[in-house]
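Report on one structure; see the data block that follows.
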Amino acid sequence: MGDGERISVEVSPFHAEGLLSGFLVSGRWPANTVEWARFLLLAVRVASVPGMLPTSTVFRVREELPDEPAPGTVGLVLAEGPVVGENAVLPGQFAEHQPPGLIVLHPPNEIRPSLPEQDEVASGCVLLPGIPHLGLDHRAAWVEADHRGNITSMVSRAGINPFDDADTAVLALFLAA
250 MGDGERISVE VSPFHAEGLL SGFLVSGRWP ANTVEWARFL LLAVRVASVP GMLPTSTVFR
310 VREELPDEPA PGTVGLVLAE GPVVGENAVL PGQFAEHQPP GLIVLHPPNE IRPSLPEQDE
370 VASGCVLLPG IPHLGLDHRA AWVEADHRGN ITSMVSRAGI NPFDDADTAV LALFLAA
């Protein structure tokens, strides 16, 4: 086990005026698609808390440190805006400075649960863009969970075509020039 694997990924959600604003990442960044799926699971559980996330929201992975970071901080995952509506994220918004990842979180009132016996579930998707012409595949993970922590769906994949899924297609649109 390498030194990087001994250091855990620590995630702390933060909010402003009661609304989810992002996540502080400490220790180290998730190293692979499965670890990003675990990060996404925590983010979806936070998004499932009633009132925490008013609408489907895009978050950007930022490797820059916040002002006066706590020891061990490696970066932030910040809310950039809603998917649609006022102050929505725009197509190509991240084309100039492509982030290492984009996430969309959907609160319970904006999705239909994949299991009919579930209610009040939130979902999310993380897109880790690759450079296919260099052999670096796009990777993604999807999670659906309720506020009690019950996971109804969790999938991670490498080698995806972003346009085969609605969430990854929207995130890819925000990255496209």
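One gets my numbering by counting positions in the sequence shown from 1 and adding 249 to each.
Glycine is no exception: its CB is placed at the ideal position from the N, C-alpha and C atoms.
Predicted model only: the values in this text are computed from it and were never measured.
Test item: CB-CB of residue i and residue j under 8 Å
i, j, result
"Leu-269", "Leu-291", "no"
"Ala-337", "Leu-354", "no"
"Ser-297", "Asp-416", "no"
"Pro-357", "Glu-369", "yes"
"Val-375", "Trp-278", "no"
"Val-310", "Pro-340", "no"
"Val-404", "Val-293", "no"
"Val-324", "Glu-335", "The displayed chain sequence assigns Gly, not Val, to residue 324. Result no, Cβ atoms of Gly-324 and Glu-335 do not sit closer than 8 Å."
"Ala-328", "Gly-276", "no"
"Gln-342", "Phe-423", "yes"
"Phe-308", "Val-326", "yes"
Delimiting residues of the alpha helix (DSSP H) encompassing residue i
i, result
"Trp-278", "Element bounds for Trp-278: n/a, residue is neither H nor E."
"Ala-415", "415-424"
Identity of the residue in the options nearest residue i by Cα
i, options, result
"Ser-261", "Leu-289, Thr-282, Ala-280, Pro-411", "Leu-289"
"Ala-407", "Gly-321, Asn-281, Gly-276", "Asn-281"
"Pro-378", "Phe-412, Ile-360, Glu-359", "Phe-412"
"Gly-330", "Asp-316, Leu-351, Pro-320, Arg-255", "Leu-351"
"Glu-359", "Phe-423, Ser-305, Leu-424", "Ser-305"
Limits of the beta strand (DSSP E) - the one that residue i falls within
i, result
"Val-323", "322-331"
"Pro-262", "259-265"
heavy atom of the ligand NAD below 7 Å from residue i C-beta
i, result
"Ala-319", "The model on display carries no ligand, and the ligand NAD is accordingly not part of it."
(request) Output the residue ranges of the beta strand (DSSP E) runs that lie fully inside the region 291-320 and measure 3 residues or longer, sorted by chain position. (result) Annotation note: the region 291-320 contains the following uninterrupted beta strand (DSSP E) runs of length 3 or greater, listed N- to C-terminal: 306-311.
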